Every structure is written in structure tokens, then in C-alpha cells.
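Chemist: One structure, pasted below without further comment.
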Amino acid sequence: MEPKLILVPTDFSDASTYALRFAARLADRTGARIRLVYADYFVPPIDFAASAAVEYALTSNEAEDEAKKLLIRTAEENLPATVPFDTRVVVESPVAAILDEARHCGADLVVMGTHGRTGFRRLVVGSVTESVTRAINVPVITVSPLAATDRIAIDLPRIVVPIDFTPECREAIRVAVELSDGKESRVLCVRTIESDTPDNAVGEIERMQSFTPPELLERCHYKLLPGDRPAEQVVEFAKLVRADLIAVGAATGRSATEVMRGTFAERILERSDCPVLVINEQTVLRSMAGRVEGDVVGV
55 MEPKLILVPT
65 DFSDASTYAL
75 RFAARLADRT
85 GARIRLVYAD
95 YFVPPIDFAA
105 SAAVEYALTS
115 NEAEDEAKKL
125 LIRTAEENLP
135 ATVPFDTRVV
145 VESPVAAILD
155 EARHCGADLV
165 VMGTHGRTGF
175 RRLVVGSVTE
185 SVTRAINVPV
195 ITVSPLAATD
205 RIAIDLPRIV
215 VPIDFTPECR
225 EAIRVAVELS
235 DGKESRVLCV
245 RTIESDTPDN
255 AVGEIERMQS
265 FTPPELLERC
275 HYKLLPGDRP
285 AEQVVEFAKL
295 VRADLIAVGA
305 ATGRSATEVM
315 RGTFAERILE
325 RSDCPVLVIN
335 EQTVLRSMAG
345 RVEGDVVGV
């Protein structure tokens, strides 16, 4: 996978700026074009008092025009001259706008910021990034304010993949390797288990090796993490090895507990200090269809 068009949603926050800078470096390496998009209804918040609404400075059209100017300025300030770009302002809710834009513009990768909200605040405020990663059909790379993007090597030499034996996880391995630059990148496949007895360890390592796409076995190394806090331990391990990317498969359904706490993938992207690649079921199905089509054309 070498992206040709990278969609970067923004809300003009620091997190979005970090994501844009990361996308810029990736686009510069791969020759991709960037589409920077901002979505808003451009109306006063619903909790405005009547007097405040009267004093609201801009009409919807004026606010949209100001957003267009700010979007272009943001692109010019954060993208090198070597990276082509275009901008788009959409009068729509952010999640719907991002999903529609990705589908209609033909983006093959989305890079977006995440605010890293956790606990009750995350539940109440919600997360555009989490909603997008659950519903979109292309790979998403999330970048949080914790990510030191200037430190991260854009060729992605150190990739951590938590193994959960799902199709989404297998596709995450493939995409992460394809996004990396050159054959020197190391894929560190990890799995958290509560028991670290020798028999269990040998069996789990063999199972992880059997799960890995055969053509990528030589690129992969395997590590077991004893414990019962898988998401947190994966993040800590990634920090320890100074990972440049965590690649994770995202399950489609969520239990009641996961709605409150976040899924395994969501807890990783909230806490990680490096970019996180997220692959969901829709992305796997789209990729499989593309490979079948390619095989038919090849025949």
C-alpha cells in the first residue's frame, strides 16, 4: 500500500495539527496528495442564551468563509511545498462528513488527530476519531497530542502489533508493513497472557507464527506480555521499544463495558504516544475484494 490520496480531517486543534504534520511527512515520502477537510454546521451552539445568540458575530455563510480561509492557512503553514493539497469545508456533522468525503474522493488512507479523552469525559463528550475508525472502510492512522511526531521516523522501522487472531489484526500487519519504507522494518508481534508457564508460552508463540501472513514471517518477532491489562501493557511495551507505529485490528461490536471504557483498540489510541494504525472489518472486506479483483485481472 502506497497511498495516493490521504484524507486529513481537522478541527484546528493541536491534535489535528500534529496529525497533519505526520501526514505531510508520509505524503512527502510516498508522493501522495493531501485533502484537508473541516466539517461544521456553522450555527451557534444549542445552549446559547437568546441574548448571546443575537450577538453571535458571524452568519453561517460568513463563518463558512472564515473556515475556508483558516483551512488554507493551516495547510500552507504545515505542509511543505513538495506536497500537493486541496481543502474542503463541509456543512455537515464531522463523522458523516469524513465518511462521505473518504468514500467520494477515493482516499486510500485517513490520518486524523485524537484528543485522548478517557473515562467519563470520553463517554459524555464522545470521540469523532473513535466513530470514524469503527465505520470507515479504509485504514486510519490516529495521532494524539502525546505523539512526539518530530521524533518518529517516517519510514516506520519499529512497528508493534498486538495479536488477537482476528482478520482485522492480520490485515493490520499487512498494511503496517506496506506503509513502512524498506525491508529493514521490524514488526514486533505481542500478546498479553495471564499465565507465563513455559508450555503456554511455546504454544502461544507457535500460534502467533501460524497466524502471521507467511510472506511476512521473516519480518516479525514475537513477544509475550504476562498480565491482565492488555491495552495498557501494549502501550507501555511500545514506549519501551520506542515504537514508531502501533497497528491494531478493531472489532466491530462493543460490549456494555467497552462502551464505558472503550474497546481494546480505542484504549490503545487514547494512550499511545506514537501513531496508531486502526483496521476494521469494512477495511478488511474492501481489501479482500481488491485482491480478488487484482487476481482476476492478472489471470
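Numbering (my numbering), first residue to last: 55 to 353. Where a beta carbon is used, it is the ideal one built from N, C-alpha and C, also for glycine. Values in this document were obtained by computation on a predicted structure and should not be read as measured data.
Contact between the stretch 217-228 and the stretch 185-192 is defined here as three or more beta-carbon pairs at a separation below 8 Å; is this criterion met?
Modeler: Result no; under three Cβ-Cβ pairs closer than 8 Å.
Chemist: Could you have a look at Ala-81 and say whether DSSP puts it in helix, strand or coil?
Modeler: In this structure, Ala-81 counts as helix in the three-state DSSP scheme.
Chemist: Would you mind working out which of Thr-136, Glu-335, Asp-235, Glu-260 sits nearest Leu-271, comparing C-alpha positions?
Modeler: Nearest of Thr-136, Glu-335, Asp-235, Glu-260 to Leu-271, Cα basis: Glu-260.
Chemist: Under the DSSP definition of a beta bridge, which residues are partnered with Thr-246?
Modeler: Answer is Leu-279, bridged to Thr-246.
Chemist: Whole angstroms are fine: how far does the CA of Ala-230 sit from the CA of Asn-334?
Modeler: Distance between the alpha carbons of Asn-334 and Ala-230: 14 Å.
Chemist: Exposed or buried, which one is Arg-273 when buried takes at least 16 other CB atoms within 10 Å?
Modeler: Result: buried.
Chemist: In whole angstroms, give me the CA-to-CA distance for Val-149 and Pro-267.
Modeler: The alpha-carbon atoms of Val-149 and Pro-267 are separated by roughly 33 Å.
Chemist: Mind checking which residues open and close the beta strand (DSSP E) that includes Leu-200?
Modeler: That residue, Leu-200, is in no beta strand (DSSP E); it is neither H nor E in DSSP.
Chemist: Short of 7 Å in beta carbon distance, which residues of its chain neighbour Phe-291, apart from the five on each side in sequence? Order them along the chain.
Modeler: Contacts found: Val-214, Val-244, Leu-279.
Chemist: Distance check for Leu-74 and Gly-344, CA to CA, integer angstroms please.
Modeler: So the two alpha carbons sit approximately 28 Å from each other.
Chemist: Helix, strand or coil for Pro-216, going by three-state DSSP, please let me know.
Modeler: Strand, per DSSP.
Chemist: Give me whichever residues DSSP pairs with Ala-301 in a beta bridge.
Modeler: Ala-301 is bridged to Leu-331.
Chemist: Could you give the distance in angstroms between the alpha-carbon of Val-179 and the alpha-carbon of Ser-67?
Modeler: Legend: pLDDT at Val-179 = 38, less than 50; position of this residue unreliable, value from coordinates given subsequently. Using only the alpha carbons, I get a separation of about 16 Å.
Chemist: If you reduce the DSSP assignment to three classes, tell me which class Thr-141 lands in.
Modeler: In the structure shown, Thr-141 sits in a strand (DSSP, three-state: E or B).
Chemist: Would you list the residues sitting across from Ala-285 in a DSSP beta bridge?
Modeler: Ala-285 pairs with nothing; no bridge assigned.
Chemist: Decide if Met-342 is buried, meaning its Cβ has at least 16 other Cβ atoms within 10 Å, or exposed.
Modeler: Under this definition Met-342 is an exposed residue.
Chemist: Rounded to a whole number of angstroms, what is the C-alpha to C-alpha distance between Val-91 and Val-332?
Modeler: Val-91 and Val-332: Cα-Cα distance of roughly 20 Å.
Chemist: Starting from Asp-94, trace the beta strand (DSSP E) in both directions and tell me its first and last residue.
Modeler: Element bounds for Asp-94: 87-94.
Chemist: Does the beta carbon of Asp-327 come closer than 8 Å to any beta carbon on chain B?
Modeler: Looking for chain B here will not work: only one protein chain is present.
Chemist: If distances are taken between C-alpha atoms only, which option among Pro-57, Pro-329, Ile-60, Glu-56 comes closest to Thr-196?
Modeler: Comparing Cα-Cα distances from Thr-196 to each of Pro-57, Pro-329, Ile-60, Glu-56, the minimum goes to Pro-329.
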